[in-house]
Each structure stands twice: as C-alpha cells, then as structure tokens.
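Quick notes on the structure that follows.
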Ligand code: GRG
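Residue numbers (this note's numbering): 23 to 315.
Here it is as structure tokens:
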C-alpha cells in the first residue's frame with residue numbers, strides 16, 4: 023500500500039527533530055549513545071509521532087512544539103522494541119530488517135539504551151515549548167500509557183503470562199489494549215493536548231486513539247501470520263511458534279480481518295465532527311489496518 027505523501031513530509035520533520043534531541047554518538051558514554059541512535063534510526067515507520075503531529079494539526083497550523091512529545095513517543099516505542107527483543111523476553115535477532123540492539127551491541131548496552139530512551143522521553147516532554155499545564159498533562163498521559171495499569175508494561179506482562187495457555191477473549195482484549203493501544207492513544211491525546219484542544223475534544227480523540235490502536239495490534243497479529251520475515255523486517259510466524267494470545271489464534275484470519283476493519287470504522291466515526299480537518303488522521307487510520315508491514 024502506498025503511503026500518503028504527507029507521511030514522508032512528517033517523517034522527515036520527525037527524523038530531523040530526533041537527530042537534534044538525541045545526544046551525539048561521540049558524547050560520553052559513546053557506546054550507549056551509539057546504541058540509542060542505532061535503534062531509533064533503524065527504519066521505523068514513525069506512526070506514533072505522525073499521529074501526534076496530525077492530531078495537533080486539527081487544532082493548530084503551527085505544530086513545531088508538538089515535535090517534542092512526538093519524538094518522546096518514538097523514544098518510548100523504540101525502548102519497548104529494544105527490551106521486547108531481549109533474550110529474557112522475545113529473544114529476537116531481527117528488528118526493522120537489522121540485527122536487534124543486543125545482537126549489534128551487547129545485552130547490557132541494549133538494556134541501558136532502552137532505559138536511557140525512556141528517560142530521555144520524559145526530559146523531552148518536559149522541554150516542550152508549551153505552557154506548564156499542557157506539559158504536565160502530556161507527561162501524565164504518556165507516563166500512564168507506558169506504565170502498569172492498562173498500560174504498555176502491564177500489557178506486556180499479561181502477554182508473557184498468557185503464552186502457551188488457552189486464550190480467553192477478554193484477556194486477549196486487555197493485552198492488546200494495554201500493550202499496544204495505550205501508547206497509540208497517548209500519541210493522539212498528547213498531540214491534542216499540546217495544541218490546546220478542549221477537554222471534550224481530548225476525550226473524543228482518546229476514544230479514536232484507543233480503538234485505532236487496538237485495530238493496529240489486531241493487524242499486527244494478522245501480518246505475523248500472512249507476511250514473510252523479509253516483508254516485516256522481523257521474524258514472522260513467531261506468535262504461533264510461541265503460542266501467543268493473538269486474534270488469528272482465537273478468531274481465525276478471516277474474522278480477525280473483519281474485527282480490524284470494524285474497529286477502524288468505529289474509530290474513524292469519532293472524527294466526524296472535525297470534517298476535512300481530520301482528513302489526514304482518517305488516511306492514517308485506514309493505512310494502519312491495510313498496511314502489509
Ligand atoms: C520493561 C523489560 C521491559 C520490557 C518492556 C513494554 C515492552 C517491553 C514491550 C512493549 C510491547 C510491544 C513490543 C508491543 C508491540 C507493539 C507493536 C505492534 C510494535 C510494532 O510497531 P510498529 O509497526 O514498528 O510501529 P516500527 O518498526 O514501524 O516502528
């Protein structure tokens with residue numbers, strides 16, 4: 023599927039901001055900064071920062087300040103992938119088509135690069151050129167989405183503990199909404215908060231984010247079955263091999279496609295009040311369920 027042209031423009035703006043915000047790889051400790059940069063610039067799609075920027079654009083034509091939370095979300099996302107690939111978690115050798123951080127450097131450096139990216143994310147949000155109340159609201163939103171209660175780390179623990187067990191649909195929903203949808207939701211609400219959206223708009227966009235983030239992970243489960251490792255840039259077929267709790271395992275492929283499409287339709291319906299101002303968000307939402315990698 024072809025990416026909409028604004029994706030490339032946003033991606034370039036995000037990459038330039040990431041470049042500015044990350045310590046130079048010659049700065050001490052150089053090995054750590056090299057590993058952080060290696061993983062951040064390994065070729066990710068930048069979906070979370072693009073969602074953050076395009077949500078802000080609904081409310082403001084100048085989204086320069088939003089580059090801060092947008093990059094913070096990519097730092098957190100990259101930390102989660104580095105840690106997820108570690109031998110103690112998924113034990114993977116390939117990520118974004120390249121050796122995983124611990125394979126390229128060492129396990130110790132990969133753990134510390136993940137820790138450092140998570141810390142840098144909050145420093146970056148703190149430095150957002152926006153009013154203090156907006157910065158505080160973004161910090162709370164992003165921290166809780168990456169945390170333990172209905173957040174990314176909590177979902178990851180449930181995911182690990184569900185391996186090899188019969189899958190309960192309610193637990194499956196909890197895992198997907200916490201492990202993946204929470205950070206996607208925060209990418210959207212952080213953009214809205216940074217651009218000064220009203221409480222009502224933030225609540226509506228939170229519903230959009232929650233639902234499209236869920237659809238995104240259902241699609242990720244489908245791609246793990248339908249696509250090759252070469253197309254995905256990571257080891258395909260791992261979910262089944264590890265007996266993970268996934269939508270294809272519980273509902274089969276056809277029904278999983280239907281669920282992803284229904285969730286995307288429900289999410290997009292939340293954007294109706296913004297009419298043309300949300301055209302780009304709609305395009306991203308469609309891309310998230312139609313993508314092949
Ligand atoms: C704290 C030890 C420790 C580990 C944390 C929280 C965690 C490990 C991992 C997060 C869970 C995780 C990896 C969820 C998967 C989310 C997902 C579908 C990632 C792929 O996202 P894309 O497609 O990736 O946006 P790119 O490569 O394009 O950036």
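From the three backbone atoms N, C-alpha and C, an ideal C-beta is built for every residue, glycine too.
Taking residue 243 as reference, the option from 289, 227, 267, 230 with the minimal CA-CA separation is 267. In this structure, residue 66 has its CB closer than 7 Å to one or more heavy atoms of the ligand GRG. Contact between residue 212 and residue 295 does not hold, since their C-beta atoms are separated by about 20 Å, which reaches or exceeds 8 Å. When rounded, the separation of the alpha-carbon atoms in residue 130 and residue 59 is 16 Å. The Cβ atoms of residue 257 and residue 251 lie closer than 8 Å to each other. For residue 69, the Cβ falls inside the 7 Å cut-off from some heavy atom of the ligand GRG. When rounded, the separation of the alpha-carbon atoms in residue 263 and residue 247 is 11 Å. Non-local C-beta neighbours of residue 53 in its own chain, meaning closer than 8 Å and more than five positions away in sequence, comprise 127, 131, ordered along the chain. Cβ neighbours of residue 229 within its own chain (closer than 6 Å, five residues either side excluded): 292. One thing to note: residue 231 has its Cβ no nearer than 8 Å to the Cβ of residue 81. When DSSP reads this structure, residue 201 sits in no beta bridge, so it has no partner. Secondary structure note for residue 292: it is in no alpha helix (DSSP H), with a DSSP letter that is neither H nor E.
Looking only at 157, 314, 120, 110, the smallest Cα-Cα distance to residue 94 is reached by 157.
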